[in-house]
Amino acid sequence: MKAHHPRRVLTAAALAGLTALVATGCGSAPDNAGAQNSKAAKAESAADLGGMEKLVAAAEKEGKLNVYALAPDWANYGEMIAAFEKKYAIEVNNEDPGGSSQGALNAAAKRKGQARAVDALDLGTSYMQDAKKQGLLAPYRVEGWDGIPDTQKQPDASFMNNYGGFISIGCDAKAVKDCPETFKDLLKPEYRNKVALNGDPTESSSALAAVVAASLANGGSLDDAQKGLDFFQELKKKGNFVPAKSTLATIQQGETPISIDWDYLNLGYGKKLEPKGVDWQVVVPADGLYSRYYNQGVNKHAPHPAAARLWLEFVYSPEGQNIWLKGFSRPALLEAMKKDGTADKAAVALIPEVDGTPQAPTVDQEAKAKETVVQGWGKAVS
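Going letter by letter, the sequence shown gives residues -25 to -1, 1 to 357 in mature numbering (1 follows the signal peptide of the UniProt record, and there is no 0).
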């Protein structure tokens, strides 16, 4: 695995504003009214429960955590979940690991009062904003709250940036003679039936980000995602776009030899594919330099409210943040951890450098882009 054209690593503050997916699991009881009336369900910090020891005790008494659409290969979620289960006497139910942000949001909105409802959400910003508008989020400040830049957390503690990165192009160098390095390259006839996305941009935050990045590369702006739709329409007309969702399996099978995705996902794929003989090369295209964070939030209707809050505490602890680093992503507390010496230096060294100034949308810009893409994607690639 190689990372082409290494570029300068940006600070967490420079990447401000990103998102992802967490939600539901299996349960049986139809009602969780007791959980909703518990002290944990009203806690806005561990201190409200008497400190971390009391939070741990309450969470372990619940014994379960429901999450949704957390792919093990996504930013090192497999290790994150395993480490959480090992540290605490809590079983993690990860429903639909290959699911989407929209699927996670739907599961949270439609399962209020159910024991299998989502406990915590890991979503892209536009989807997290939807969750907030629907009144699904409970305010919670983790112990590392002060170390998260102000630009990367909501003042009301409804949600906060978690981990992020850049849109990149991954390529199987053994299946493709000359790997593309820019969005413009992707239109070349040599890439016929080779270019894919990580999902449907009307439901997936990562695929939506790819469309916005393509817009930036083709004369558009953070206020104009239409140029991205036009790009994929042209990509489809040339026969280069593959409608299949790009995954570790489809890459290995040769179905999606070129994938537009977050750099941490593409780099993680490369690490896993290298022993299998796949030379997966990754580049951050200079003509579409786009960064975003995924976010964490507690579901207001969590059937396991203490476990949901403990999950956030773990994810934002030095142990959890270093797990993101090992998955090639840039955690929200990276700069604070560099200063206090808790960042894994070996993991930091593996994060590819990125030159240039990335563009990251405001909440309103991302919401507008999502609306444009949801309305126009079907027509663009039909």
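Using N, Cα and C, we set each Cβ at its ideal position, and we do this for glycine too.
Buried/exposed call for residue i, threshold 16 Cβ in 10 Å
i: residue 359; result: Summary: the structure shown does not reach residue 359, with the chain confined to residues -25 through 357, and so no result is reported for it.
i: D105; result: buried
i: Q228; result: exposed
i: residue 366; result: For residue 366 there is no data in the structure shown, the boundaries of the chain being -25 and 357.
i: S76; result: buried
i: G26; result: exposed
i: G316; result: exposed
i: S179; result: buried
i: D125; result: exposed
i: W337; result: It is worth fixing the name first, because residue 337 is Thr in this sequence and not Trp. T337 comes out exposed.
i: S3; result: With a pLDDT of 38 at S3, under the threshold of 50, the modelled position of that residue is not reliable, and the figure given next carries that caveat. With fewer than 16 Cβ atoms within 10 Å of its Cβ, S3 is classed as exposed.
i: L(-8); result: In this prediction, L(-8) scores a pLDDT of 35, lower than 50, which makes its location untrustworthy; the coordinate-derived value is nonetheless stated afterwards. L(-8) is buried by the Cβ-count criterion.
i: A18; result: buried
Nearest-angstrom beta carbon gap, residue j and residue i [assumed within contact, 8 Å]
i: A34; j: A282; result: 4 Å
Alpha carbon of residue i to alpha carbon of residue j, nearest angstrom
i: P250; j: N68; result: 30 Å
i: L285; j: L309; result: 20 Å
i: S20; j: V273; result: 12 Å
i: V187; j: A90; result: 37 Å
i: D339; j: G252; result: 43 Å
i: residue 358; j: R167; result: Past the edges of the chain, shown from -25 to 357, lies residue 358, and the structure says nothing about it.
i: G139; j: Q334; result: 13 Å
i: L300; j: P164; result: 37 Å
i: G122; j: G99; result: 21 Å
i: V42; j: A58; result: 15 Å
i: G295; j: W49; result: 14 Å
i: P155; j: A200; result: 22 Å
i: P326; j: F158; result: Inspection of the sequence shows that residue 326 is occupied by Ile rather than by Pro. If I take the Cα positions, the gap works out to 22 Å.
i: V329; j: S13; result: 46 Å
i: residue 387; j: N137; result: Beyond the ends of the chain as shown, which are -25 and 357, falls residue 387; an answer cannot be given.
i: Y291; j: P114; result: 15 Å
i: D23; j: L223; result: 42 Å
### Query
Would the region 225 to 239 and the region 147 to 166 be scored as touching if the rule is three or more Cβ pairs under 8 Å?
Taking 8 Å as the limit for Cβ pairs, the verdict is that the region 147 to 166 does touch the region 225 to 239.
### Three CB pairs or more closer than 8 Å across the region 258 to 278 and the region 342 to 353
Contact annotation: the region 258 to 278 does not touch the region 342 to 353, with fewer than three C-beta pairs closer than 8 Å.
### Message
To test your reading of the DSSP string, which unbroken beta strand (DSSP E) runs of 3 or more residues are found completely within the region 88 to 151?
### Response
Counting whole runs of 3 or more residues, the region 88 to 151 contains the beta strand (DSSP E) stretches 95 to 99, 135 to 147.
### Message
When you compare the region 188 to 207 with the region 261 to 271, are there three or more beta-carbon pairs, one atom per stretch, that lie closer than 8 Å?
### Response
Taking 8 Å as the limit for Cβ pairs, the verdict is that the region 261 to 271 does touch the region 188 to 207.
### Task
Please go through the region 13 to 81 and give each complete alpha helix (DSSP H) segment of 4 or more residues, from N-terminal end onward.
Within the region 13 to 81, the complete alpha helix (DSSP H) runs of at least 4 residues are 14 to 17, 27 to 37, 52 to 62.
### Task
Please list the segments of the alpha helix (DSSP H) lying wholly inside the region 223 to 254, counting only runs of 4 or more residues, in order along the chain.
Entirely contained in the region 223 to 254, the alpha helix (DSSP H) runs reaching 4 residues are, in chain order, 223 to 227, 238 to 248.
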